[in-house]
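Protein sequence lines, in the order shown, are assigned to chains G and D. Quick note: the first sequence, position 165, residue 164 per numbering that gives the first Met the number 0, numbers continuous. Quick note: the second sequence, position 59, residue 58 per numbering that gives the first Met the number 0, numbers continuous. The beta carbon of each residue, even a glycine, is placed where N, CA and C say it ideally should be. See below for the structure under consideration.
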Amino acid sequence: MKKSIRDAYGEALLELGRENSEVVVLDADVSGSTKSITFGKEIPERFFNVGVAEANMAGMAAGFAATGYIPFINTFAAFMVLRAGDPIRSLIGYGKLNVKVAGAYAGMSDSYDGATHHTLMDIAFFRALQNFTVVSAADAVQAKAATKAAAFHNGPVYLRLSRAEVPVIYGEDYTFELGKGEVLREGNDVTLVATGVMVQKALEAHELLKEKGISARVVNIHTIKPIDKDLLTKCAKETGAIVTAEEHNIYGGLGGAVSEALAESCPVPIAIVGVKDVFAESGDYEQLLEKYGLAAKNILDEACKVIKRK
Amino acid sequence: MTISKEKLNELTVINKRFRRTLIDLLYKIQTGHPGGSLSCTEILTLLYFEKMNITKENLNSMGRDRFILGKGHAAPMLYITLAEKGFFPKEELQNLRQINAMLQGHPCSKTTPGVELSTGPLGLGISAGCGMAQGLKLRNEDSMVYVVMGDGEIQEGIVWEAAMAASKFKLNNLVAILDNNGVQLDGTVEEIMPMGDIRAKWEAFGWHVIEADGHDISSLSDAIDEAKGYKDGPSIINAKTVKGKGISFMEGKNIWHGKPISKDEYEAAIKELEVI
Numbered sequence: 000m001k002k003s004i005r006d007a008y009g010e011a012l013l014e015l016g017r018e019n020s021e022v023v024v025l026d027a028d029v030s031g032s033t034k035s036i037t038f039g040k041e042i043p044e045r046f047f048n049v050g051v052a053e054a055n056m057a058g059m060a061a062g063f064a065a066t067g068y069i070p071f072i073n074t075f076a077a078f079m080v081l082r083a084g085d086p087i088r089s090l091i092g093y094g095k096l097n098v099k100v101a102g103a104y105a106g107m108s109d110s111y112d113g114a115t116h117h118t119l120m121d122i123a124f125f126r127a128l129q130n131f132t133v134v135s136a137a138d139a140v141q142a143k144a145a146t147k148a149a150a151f152h153n154g155p156v157y158l159r160l161s162r163a164e165v166p167v168i169y170g171e172d173y174t175f176e177l178g179k180g181e182v183l184r185e186g187n188d189v190t191l192v193a194t195g196v197m198v199q200k201a202l203e204a205h206e207l208l209k210e211k212g213i214s215a216r217v218v219n220i221h222t223i224k225p226i227d228k229d230l231l232t233k234c235a236k237e238t239g240a241i242v243t244a245e246e247h248n249i250y251g252g253l254g255g256a257v258s259e260a261l262a263e264s265c266p267v268p269i270a271i272v273g274v275k276d277v278f279a280e281s282g283d284y285e286q287l288l289e290k291y292g293l294a295a296k297n298i299l300d301e302a303c304k305v306i307k308r309k
Numbered sequence: 000m001t002i003s004k005e006k007l008n009e010l011t012v013i014n015k016r017f018r019r020t021l022i023d024l025l026y027k028i029q030t031g032h033p034g035g036s037l038s039c040t041e042i043l044t045l046l047y048f049e050k051m052n053i054t055k056e057n058l059n060s061m062g063r064d065r066f067i068l069g070k071g072h073a074a075p076m077l078y079i080t081l082a083e084k085g086f087f088p089k090e091e092l093q094n095l096r097q098i099n100a101m102l103q104g105h106p107c108s109k110t111t112p113g114v115e116l117s118t119g120p121l122g123l124g125i126s127a128g129c130g131m132a133q134g135l136k137l138r139n140e141d142s143m144v145y146v147v148m149g150d151g152e153i154q155e156g157i158v159w160e161a162a163m164a165a166s167k168f169k170l171n172n173l174v175a176i177l178d179n180n181g182v183q184l185d186g187t188v189e190e191i192m193p194m195g196d197i198r199a200k201w202e203a204f205g206w207h208v209i210e211a212d213g214h215d216i217s218s219l220s221d222a223i224d225e226a227k228g229y230k231d232g233p234s235i236i237n238a239k240t241v242k243g244k245g246i247s248f249m250e251g252k253n254i255w256h257g258k259p260i261s262k263d264e265y266e267a268a269i270k271e272l273e274v275i
């Protein structure tokens with residue numbers, strides 16, 4: 000069964016808005032795409048469409064937070080980082096303001112719009128931005144839970160959200176804990192550490208590896224910062240090799256975060272699956288993932304190679 | 000209501016003393032921005048010692064008025080003002096811009112009591128001011144939000160994004176004060192990026208524009224009262240000022256945006272400040 004991550008996000012926003020009158024939502028003229036309009040339709044008095052002006056959206060959110068509100072700001076992740084980056088850093092990050100930054104259409108999920116609308120460097124930006132917590136949702140259930148957890152966390156949070164309809168991984172009884180990685184499949188030969196929609200690909204790779212007689216553990220790192228170093232260290236010790244998988248440039252993302260963590264605690268062979276420092280192009284989403292090395296088969300190949308380096 | 004004679008005299012004395020404190024301080028630490036601090040002195044003191052509902056006691060109350068220094072490089076004069084208000088000990092001023100100190104080169108809300116918002120990158124203050132004003136409206140508070148911007152600062156694109164939003168959301172509790180000293184870092188505003196008809200620009204964005212002499216306390220006071228009374232949307236006071244005001248060799252000179260003060264210059268400045 001597939002479900003849209005952005006629809007789940009919109010539902011979460013609305014539920015938050017009903018439960019908590021401190022939640023305000025801002026959008027930069029893409030509310031139909033980000034699904035923040037779900038909130039805006041029912042709670043128009045706390046919904047602010049600032050027009051095509053992403054920087055001002057982030058600046059206004061800082062002002063809302065300074066008066067005690069919990070603002071969620073919404074636009075495509077590409078424009079969130081690059082257009083709103085200054086107020087996000089200088090006001091929200093530096094001021095440690097309670098703003099939730101929702102980057103929609105992350106990765107290559109706005110596939111047909113092409114490279115200008117893809118976002119392959121947002122994790123790097125937000126990881127390097129002081130005071131920010133960085134969360135990336137793997138499916139609709141997790142997106143909803145993560146959105147609510149972000150609202151309850153006191154401080155700036157970046158929510159990385161895909162446009163895609165993706166298979167549902169989690170059951171309705173799922174509970175989300177910020178900062179905790181999740182072991183989705185047990186295994187002893189290698190650990191596949193994935194985030195976002197690549198979690199599904201890692202689960203597929205787990206099956207492919209099983210056919211080859213390789214037992215692969217699958218871990219979902221939904222909170223990229225602060226990263227669950229304890230779990231990663233445990234996996235490194237127990238399986239001896241790691242493959243990371245993310246819909247992001249190979250530089251500065253999950254692969255970097257995992258490598259940095261394990262370099263200190265338990266250095267083992269690591270392979271990084273991601274976009275290899277190139278701009279992608281327009282096209283069907285699944286075809287893009289395949290062309291740019293983000294298919295289950297790529298994780299499989301890297302797992303086979305990294306095991307040999309043990 | 001015109002400002003009382005007593006208040007006028009009191010503020011005149013404060014302004015004189017603050018200019019002296021500023022020069023002493025910036026000479027001592029050999030860093031910081033004198034020009035833009037001297038051009039907004041009257042604006043800051045009038046707001047903090049007469050117009051704004053803000054005290055040491057109500058500093059954490061929702062109903063207080065808010066001040067944002069968009070042109071964050073004028074931090075030294077803001078700090079002198081906040082210290083006088085008793086928000087932190089005056090001794091802290093001596094450590095401005097020094098390691099392990101409270102007072103950062105540009106205002107920091109996390110370290111300095113009384114700083115509502117961290118500013119420095121130009122243009123962000125008015126944007127946050129919009130959110131703050133809208134937030135206060137949502138809470139049914141009648142407090143005001145004042146944002147001081149430089150005339151170089153309004154070259155930033157985000158200023159005009161914010162100008163559109165303030166107008167759309169009818170933020171009549173937002174007052175921008177343009178410290179229009181005509182000089183930016185690299186030269187005069189006319190040389191670097193002429194802003195043309197400032198009144199027409201802001202009016203076109205839906206703002207109520209009020210002209211004032213930024214060094215004349217009565218003129219500024221009337222302008223602020225008019226802005227507070229205007230209920231149809233946001234107001235901006237186009238305050239004509241002089242960069243480096245009060246020290247003849249600094250006045251109107253872009254090099255005094257952020258130049259350290261030499262011993263000779265310090266002595267000359269002090270002489271002028273004493274005879275005012």
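Please work out which residues of its chain come closer than 6 Å, Cβ to Cβ, to residue i, disregarding the five sequence neighbours upstream and downstream, and give them in chain order.
i	result
residue 45 of chain G	23
residue 82 of chain G	53, 54
residue 183 of chain G	217, 219
Less than 8 Å between the beta carbons of residue i and residue j, yes or no?
i	j	result
residue 224 of chain D	residue 179 of chain D	no
residue 36 of chain G	residue 16 of chain G	no
residue 156 of chain D	residue 118 of chain D	no
residue 70 of chain G	residue 25 of chain G	yes
residue 243 of chain D	residue 37 of chain D	yes
residue 199 of chain G	residue 139 of chain G	no
residue 50 of chain G	residue 148 of chain D	no
residue 251 of chain D	residue 182 of chain D	yes
residue 255 of chain D	residue 75 of chain D	no
residue 244 of chain G	residue 267 of chain G	no
residue 170 of chain D	residue 132 of chain D	yes
residue 90 of chain G	residue 113 of chain G	no
residue 221 of chain G	residue 150 of chain G	no
residue 177 of chain D	residue 237 of chain D	yes
residue 61 of chain G	residue 130 of chain D	yes
Consult DSSP for residue i and reduce its assignment to one of helix, strand or coil.
i	result
residue 268 of chain G	coil
residue 157 of chain D	helix
residue 229 of chain D	coil
residue 70 of chain G	strand
residue 183 of chain D	strand
residue 99 of chain G	strand
residue 166 of chain G	strand
residue 26 of chain G	strand
residue 216 of chain G	strand
residue 118 of chain D	coil
residue 118 of chain G	strand
residue 147 of chain D	strand
residue 21 of chain G	coil
residue 124 of chain D	helix
residue 173 of chain D	strand
residue 278 of chain G	coil
residue 110 of chain G	helix
residue 67 of chain D	strand
residue 198 of chain G	helix
residue 2 of chain G	strand
Check the C-beta distance from residue i over to residue j and give it rounded, since I have them as a contact under 8 Å.
i	j	result
residue 249 of chain G	residue 274 of chain G	7 Å
residue 208 of chain G	residue 4 of chain G	About 26 Å; that fails the 8 Å criterion.
residue 205 of chain G	residue 106 of chain G	About 21 Å separates the two Cβ atoms, so there is no contact after all.
residue 129 of chain G	residue 94 of chain G	With 8 Å as the limit, residue 129 of chain G and residue 94 of chain G do not qualify as a contact, their Cβ atoms being about 11 Å apart.
Just to confirm my understanding: we take residue i, look at its own chain, exclude 5 residues before and 5 after, and list those with CB closer than 7 Å. What are they?
i	result
residue 247 of chain D	271
residue 153 of chain G	97
residue 188 of chain G	213, 214, 215, 238, 306
residue 201 of chain G	191, 193, 217, 244, 298
Who are the near neighbours of residue i in its chain, counting only those whose CB is closer than 8 Å to its CB and skipping five residues on each side?
i	result
residue 21 of chain G	67, 68, 69
residue 194 of chain D	150, 153, 154, 188, 200
residue 224 of chain G	125, 126, 131, 132, 133, 256
Does the distance between the C-beta of residue i and the nearest non-hydrogen atom of the ligand SAH fall short of 7 Å?
i	result
residue 69 of chain D	You won't find the ligand SAH in this model; it holds no ligand whatsoever.
Kindly confirm or deny that the stretch 50-69 of chain D and the stretch 12-22 of chain D touch, where touching means at least three C-beta pairs closer than 8 Å. no
For the structure I just gave you, are there three or more beta carbon pairs, one from the stretch 285-293 of chain G and one from the stretch 252-270 of chain G, closer than 8 Å? no
Worksheet item: Counting pairs of Cβ atoms below 8 Å between the stretch 173-187 of chain G and the stretch 118-126 of chain G, do you hit three or more?
Response: no
Are the stretch 198-214 of chain D and the stretch 125-138 of chain D in contact at 8 Å, needing three or more beta carbon pairs?
-> no
Touching or not, the stretch 78-85 of chain D and the stretch 106-122 of chain D, by the rule of three or more beta carbon pairs under 8 Å?
yes
Does the stretch 23-33 of chain D come close enough to the stretch 89-106 of chain D to have 3 or more Cβ pairs within less than 8 Å?
-> yes
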